[in-house]
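Start counting the sequence shown at 1; every next residue gets the next number (the UniProt record's numbering). A virtual CB, placed ideally from N, CA and C, is assigned to each residue, including glycine. Bear in mind that the values here come from a model prediction, so they are computed numbers and not experimental data.
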Amino acid sequence: MSTHDMSAYDDLPLPRTDLALSAMRLARDIEHPAIFNHSMRTYLFGRSIGEQQGLRPDLDYDDELLFLGCVLHDAGLSDQGDGEQRFDVDGADLAARFLGEQGVSPERIEVVWDAIALHLCHEIALRKRPEIALVTAGAGFDLSADGPYTLPAGYADRVHAALPRLHAAAVLFDAVVGQALTKPHKAPPYTLPGEFLRQHTGRDWPTWRQLMDLPAGWHDYDGYRPAR
């Protein structure tokens, strides 16, 4: 992505480093436009949430790392990112490979990997360093605008003018389900992808006892009587 390609975002506080531009180009090229726009908004909303927490870019956290985690956090929903794991872990692995090819240090890659792999684990991610926590906070805010934070007046309008929603929530749901219909192991029971698949198919989830009895056959429930 060239500087000219960035002109649509001139009014937005995005990092302009070579690495950030390369990551943006990758995400734009491999992702559905709605998912790309969601990923960009994740950064913009996450950064704003950080400011409301008193966190200053490049003083209290590494702004480039936050951007990389945000812009690549749903890369696992692309054809190139579709592996054999849940999409969040597949996306983290794709990001790590890309950043390694760019010469990024293992320590910095690990932060981005954690940010992407943990972004569905809300309670855990929010207790991590800002480069990780703000990915989850920004992604969640973009989809539900839920939580204790509010955006500055007119900010959402500016962001949406440059990065329209394009039915983001619906596209994300269909992308997760589409992968899971082909590879059900990517959506195990009691996970968010698993719940999306259950809602789409109407299938019942196995009970805890069924999950425990079927694979190993340890018979933990045979003769068991719960304490009273």
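Return the chain-ordered list of same chain residues with a C-beta closer than 6 Å to the C-beta of residue i, the five sequence neighbours on each side being excluded.
| i | result |
| --- | --- |
| L94 | A75, G81 |
| F45 | G138, F141, D142 |
| V111 | L65, E131 |
| H200 | V177 |
Below 8 Å on the Cβ atoms is my guess for residue i versus residue j; work out the distance and round it to an integer in Å.
| i | j | result |
| --- | --- | --- |
| V135 | G69 | 4 Å |
| E131 | A115 | 6 Å |
| L77 | A175 | 4 Å |
| P57 | R47 | 7 Å |
| A137 | W113 | Rounded, the Cβ-Cβ distance is 18 Å, inconsistent with contact. |
| G140 | H122 | 7 Å |
| E84 | K183 | 7 Å |
| S39 | V71 | 5 Å |
Could you tell me if residue i is buried or exposed, where buried requires 16 or more neighbouring beta carbons within 10 angstroms of its beta carbon?
| i | result |
| --- | --- |
| H4 | Only weak support exists for where H4 lies, its pLDDT of 45 falling under 50; the value from the coordinates is given anyway. Per the 10 Å Cβ criterion, exposed. |
| L214 | exposed |
| R16 | exposed |
| P193 | buried |
| E31 | buried |
| Q52 | exposed |
| A180 | buried |
| G50 | buried |
| H73 | buried |
| D63 | buried |
Quick one: grab the DSSP three-state call for residue i.
| i | result |
| --- | --- |
| Q80 | coil |
| Y43 | helix |
| P206 | coil |
| P193 | helix |
| P148 | coil |
| Y155 | helix |
| Y61 | strand |
| A187 | coil |
| G223 | coil |
| H73 | coil |
| T136 | helix |
| T3 | Caution is warranted here: a pLDDT of 45 is assigned to T3, below 50, making its placement in the model unreliable, and no coordinate value can be reported. |
| W218 | coil |
| V177 | helix |
| L211 | helix |
| T17 | coil |
Does the beta carbon of residue i come closer than 8 Å to any beta carbon on chain C?
| i | result |
| --- | --- |
| I116 | Within the model displayed, chain C is absent; a lone protein chain is all it includes. |
Go through its chain and collect everything with a Cβ distance to residue i's Cβ below 8 Å, but skip five positions before and after it.
| i | result |
| --- | --- |
| A162 | A8, Y9, D11, L12 |
| Y190 | W205 |
| R209 | Y221 |
| H219 | D213 |
| L55 | Y61, P130, L134 |
Is it the case that the Cβ atoms of residue i and residue j are separated by a distance below 8 Å?
| i | j | result |
| --- | --- | --- |
| V171 | F196 | no |
| A34 | A156 | no |
| K128 | L118 | yes |
| R86 | K186 | yes |
| F36 | A23 | no |
| A20 | F67 | yes |
| D88 | L120 | yes |
Is any heavy atom of the ligand ADP found at a distance shorter than 7 Å from the C-beta of residue i?
| i | result |
| --- | --- |
| E123 | This structure lacks the ligand ADP, and indeed carries no ligand of any kind. |
Under 7 Å Cβ to Cβ from residue i, same chain only, skipping five residues before and after it: list those, please.
| i | result |
| --- | --- |
| L166 | P33, A34, N37 |
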